[in-house]
Amino acid sequence: MINKKLLNAQEALVGIKSEMTIMLGGFGLCGIPENSISELVKLGVKNLTCISNNAGVDDFGLGLLLKDKQIDKMISSYVGENNEFERQMLSGELKVDLIPQGSLAERCRAAKSGIPAFFTPAGYGTEVGEGKESREFNGKMHLMETAFKADFSIVKAWKGDEAGNLIFKGTARNFNPNMCGAAKVTVAEVEELYPAGELDPNEIHVSGIFIQRIFEGKNYEKRIEQRTITNRQC
Amino acid sequence: MINKKLLNAQEALVGIKSEMTIMLGGFGLCGIPENSISELVKLGVKNLTCISNNAGVDDFGLGLLLKDKQIDKMISSYVGENNEFERQMLSGELKVDLIPQGSLAERCRAAKSGIPAFFTPAGYGTEVGEGKESREFNGKMHLMETAFKADFSIVKAWKGDEAGNLIFKGTARNFNPNMCGAAKVTVAEVEELYPAGELDPNEIHVSGIFIQRIFEGKNYEKRIEQRTITNRQC
Amino acid sequence: MLDKIGIAKRIAQEVKDRYYVNLGIGIPTLVANYVNKNIEVEFQSENGILGMGAFPYDEDVDADIINAGKQTITTLPGASFFDSATSFSMIRGKHVDLTILGAMEVSDNGDIANWKIPGKMVKGMGGAMDLVASAENIIVAMMHTNKVGESKLLKKCSLPLTGLNCVKKIVTNLAVLEVTSSGFQLLERAPGVSIETIKKATAGRLVVKGEIPEMKIS
Amino acid sequence: MLDKIGIAKRIAQEVKDRYYVNLGIGIPTLVANYVNKNIEVEFQSENGILGMGAFPYDEDVDADIINAGKQTITTLPGASFFDSATSFSMIRGKHVDLTILGAMEVSDNGDIANWKIPGKMVKGMGGAMDLVASAENIIVAMMHTNKVGESKLLKKCSLPLTGLNCVKKIVTNLAVLEVTSSGFQLLERAPGVSIETIKKATAGRLVVKGEIPEMKIS
């Protein structure tokens, strides 16, 4: 077994530098690597390019990095709910590359899987297709999309083991598995870290081979964006 | 919940006809849809094109269909260990399209995922690349491979539920998940079929949306090709 | 004339037995509440859940179980969770039978614009471009006109497109329309709405053939 | 001169700490037995397992747990199972550090032929083409000459290729050689084998520079 265990975010993010491209898992504030984001704030690295489906809210998630102007460019599918983001984007401080969500996920998976390019119909005939190669398959037009290239990928899982194997919970899975192995170094933070052999090999969502560093995170806040409930009818 | 449950292979394979293209899961004799293969023999459908990593052995797996000359063409990555296969191939009765294993798996996944084509380095500069479009990415040559088109996909899982959700065991997983949803109709046979709600939504390997029909198989033989053991040193 | 609930109720009638359905944010989300309880339907949300149920009771709220609108939700028996790439395999691979989403504009050849207004803050397309590029059956839920009374059913969209030739049906506060090669074919009128009103509110080609029944909404 | 066990033992020395390794059928499979027990290594088999262990005891044999050679195997702590597409994501995505496989021919520019002999029954390439097209580090385990004494280290492969310019190192019964831009560079001689013998058995360009040590095999 190849042991990937580290003590904390500080150890796990060694080597992250300004100007790097970083992938971060999560959908909205669900399944985001909270400990690592705090550490990135502490590190004060600047001019980052971040590949992440969303950009957090003003005071949580990637919003914390935006507030400190650590991000130069966001590559995302949806960036609402963030006033500071809007301000920086409209003022031209922040570059934003908007990508259809399915293409975003698949471009991560392509990077992980050694597939340099693939075709998808999403975005053909729209602004997203401008400057991209298009091609007909089965009577339908498709765009060629390419694999991402990133320096670090930072994901969050529910359970993990020292070998780097990961198990996710609910919809906190989202982009996290697709980003594992999609960068030169993948860092996973988990809620519960187990010795190798404690997780059932059948139940593992992401094999440890895609992970270079793993640590058990602390004090997960798991903020909820839209707390919608059903009232009990007595 | 959309109920996909059927009683047996006979019900599940309704609509399979001669001349069709059928994908079948399994690696060697591991994780093959034994009940469905028996039913295909009974149905006596002919001139099939089969997409399957292997072709079984003389008296088991797809070998049973070969013996009855039900297969016109095999699309596989490895077809050793089968004398009848060899005879039919050398005599020209059987057409064989050999494809690198990773490209085979990815072409199934592409079909399932609505990706008409992708690039892979496998096979570039070899016979496999002949007649295929090639292209350089990142200084390396790649071949363009396309999604398969099949009429039926037949897979085998360990546990399943009425909604069509599947869980696999060990290396019996192999091509099965990638073939789910890769044909017009996907049939899953399982060792244990449960009512919806009995399987943990986190532990499901393939979501029911990719499956149209599911049934509980019987009398699994699970033949072993190479029984290799370690002797106990007393 | 329908309100948002009315539009949701009418669209719910389009949800057929054994459909997998993806609901967009806004009016489409409401549709789930009005689907016939006697048919088998599963709701998919592109952030990674199939078999989505109602909102949870207060004590069951789980931050790790949300829909694409970031709302806390529950699962129904037969549900499953999956990653984003697999989610879009379901969508791009046409395994989802019906997509219901909102729009800013629809053209009479089925183009849709629903993600960007030049000069305004752009929030992004999320999964909308993947959904409209792949779904076999796309129903748009929207008001027939915008806040200043201009038609949203146009000859040609003025806003940046989300997808081409993809919308099949539109349910508005005034009417149900189908996109055909001749333009918007009027299928039903909202209760109390005249054909004349619909004509006035429709800028694109409108086809009115035969008797146009009034919608039946419970 | 080495036997197959000797070749496996020598190749085992190439397996470094924290390597993920894919072993082909035949001699490569034997390598696992001789890897230094004090380093961390995991074996991947392309049918869908990472963290492969030894063959099972008789009573533990499980038909659902096999390797790519269809042999029954066991798992070690930290193991995982996965589907074939994911398995080749590991391989194509260069997550597997070292691939060890057999060959019929290797050329002095690193081309490899190991899947097809014209006129003979073709069994197929299995995962070999994916492995050689992607692995950063490929070591070939083979006899230096074929059954009729002809060299398998050629100027140009005569058999249909499996991959181009991919082999990094070759360990045969006679020698360890590295593929360089000048051809096969001789690194080590098998015990008791002279440079002359290796020269005679090598048809491709052979580079012999300086002292060529004898292999150290335990």
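Residue numbers (our numbering), protein chains in the order written: chain A, 1 to 234; chain B, 1001 to 1234; chain C, 2001 to 2218; chain D, 3001 to 3218. Ideal placement from N, C-alpha and C gives every residue a C-beta, glycine not left out.
When we look at the beta-carbon of residue i and count the other beta-carbons within 10 Å, is it buried (16 or more) or exposed?
| i | result |
| --- | --- |
| L1090 (chain B) | exposed |
| E133 (chain A) | exposed |
| L1007 (chain B) | exposed |
| Y1124 (chain B) | buried |
| S18 (chain A) | exposed |
| N1054 (chain B) | buried |
| A3103 (chain D) | buried |
| A2054 (chain C) | exposed |
| S36 (chain A) | buried |
| R2010 (chain C) | buried |
| K2169 (chain C) | buried |
| G2210 (chain C) | exposed |
| E145 (chain A) | buried |
| R2018 (chain C) | exposed |
| D3083 (chain D) | buried |
| S3181 (chain D) | exposed |
| D3097 (chain D) | buried |
| D3064 (chain D) | buried |
Taking the straight line between their C-alpha atoms, what separation do you get for residue i and residue j?
| i | j | result |
| --- | --- | --- |
| N3047 (chain D) | K3123 (chain D) | 17 Å |
| E162 (chain A) | E3014 (chain D) | 25 Å |
| Q2185 (chain C) | V2148 (chain C) | 24 Å |
| G1170 (chain B) | Q3071 (chain D) | 13 Å |
| A1157 (chain B) | T1228 (chain B) | 24 Å |
| A2133 (chain C) | C2166 (chain C) | 7 Å |
| G2163 (chain C) | V79 (chain A) | 20 Å |
| E3188 (chain D) | L66 (chain A) | 57 Å |
| I1239 (chain B) | T3029 (chain D) | In this structure chain B extends from 1001 to 1234, so residue 1239 (chain B) is not present and cannot be described. |
| E1216 (chain B) | P1121 (chain B) | 40 Å |
| Y2057 (chain C) | Q233 (chain A) | 10 Å |
| F168 (chain A) | I154 (chain A) | 14 Å |
| M2052 (chain C) | M20 (chain A) | 38 Å |
| E34 (chain A) | G63 (chain A) | 12 Å |
| N1083 (chain B) | D1200 (chain B) | 44 Å |
| I3212 (chain D) | M3121 (chain D) | 40 Å |
| E1039 (chain B) | G2078 (chain C) | 28 Å |
| M98 (chain A) | G1197 (chain B) | According to the sequence shown, residue 98 (chain A) is Leu rather than Met. Distance between the alpha carbons of L98 (chain A) and G1197 (chain B) is about 38 Å. |
| R135 (chain A) | V2106 (chain C) | 25 Å |
| M2215 (chain C) | L2002 (chain C) | 10 Å |
| A1105 (chain B) | L1094 (chain B) | 22 Å |
| K1159 (chain B) | E1192 (chain B) | 5 Å |
| I2217 (chain C) | A1012 (chain B) | 38 Å |
| Q88 (chain A) | P100 (chain A) | 22 Å |
| P195 (chain A) | Y3020 (chain D) | 19 Å |
| G2204 (chain C) | G2110 (chain C) | 11 Å |
| I32 (chain A) | S103 (chain A) | 20 Å |
| N231 (chain A) | L29 (chain A) | 24 Å |
| I1115 (chain B) | A110 (chain A) | 12 Å |
| A9 (chain A) | R173 (chain A) | 20 Å |
So what does residue i bridge to, in DSSP terms?
| i | result |
| --- | --- |
| I1071 (chain B) | B:L1048 |
| I1099 (chain B) | Note: I1099 (chain B) sits in no beta bridge, so no partner. |
| E39 (chain A) | Paired residue(s): none; E39 (chain A) is not in a bridge. |
| F1118 (chain B) | A:F118, B:E1145 |
| G2183 (chain C) | C:T2180 |
| Q3071 (chain D) | B:Q1226 |
| D1161 (chain B) | B:Y1194 |
Once the 5 residues before and after residue i are set aside, which same chain residues still bring their CB inside 7 Å of it?
| i | result |
| --- | --- |
| C1108 (chain B) | M1023, F1148, F1175, N1178, M1179, A1182 |
| I3005 (chain D) | L3030 |
Closer than 6 Å by C-beta to residue i: which residues in its own chain qualify, once you throw out the five before and the five after it? Chain order, please.
| i | result |
| --- | --- |
| A2068 (chain C) | S2045, E2046, N2047 |
| M1141 (chain B) | Y1124, S1134 |
| F3088 (chain D) | D3130 |
| E257 (chain A) | Any property of residue 257 (chain A) remains undetermined from this structure, which presents chain A solely from 1 to 234. |
| V2140 (chain C) | A2103, V2106, V2167, I2170 |
Inter-stretch contact (C-beta, 8 Å, three-pair minimum) for the stretch 3183–3199 of chain D and the stretch 3115–3122 of chain D: By the Cβ test, the stretch 3183–3199 of chain D is not in contact with the stretch 3115–3122 of chain D, since fewer than three Cβ pairs between them sit closer than 8 Å.
Meets three-Cβ-pair contact criterion under 8 Å: the stretch 203–215 of chain A and the stretch 3083–3101 of chain D: By the Cβ rule, the stretch 203–215 of chain A counts as touching the stretch 3083–3101 of chain D, because three or more pairs are nearer than 8 Å.
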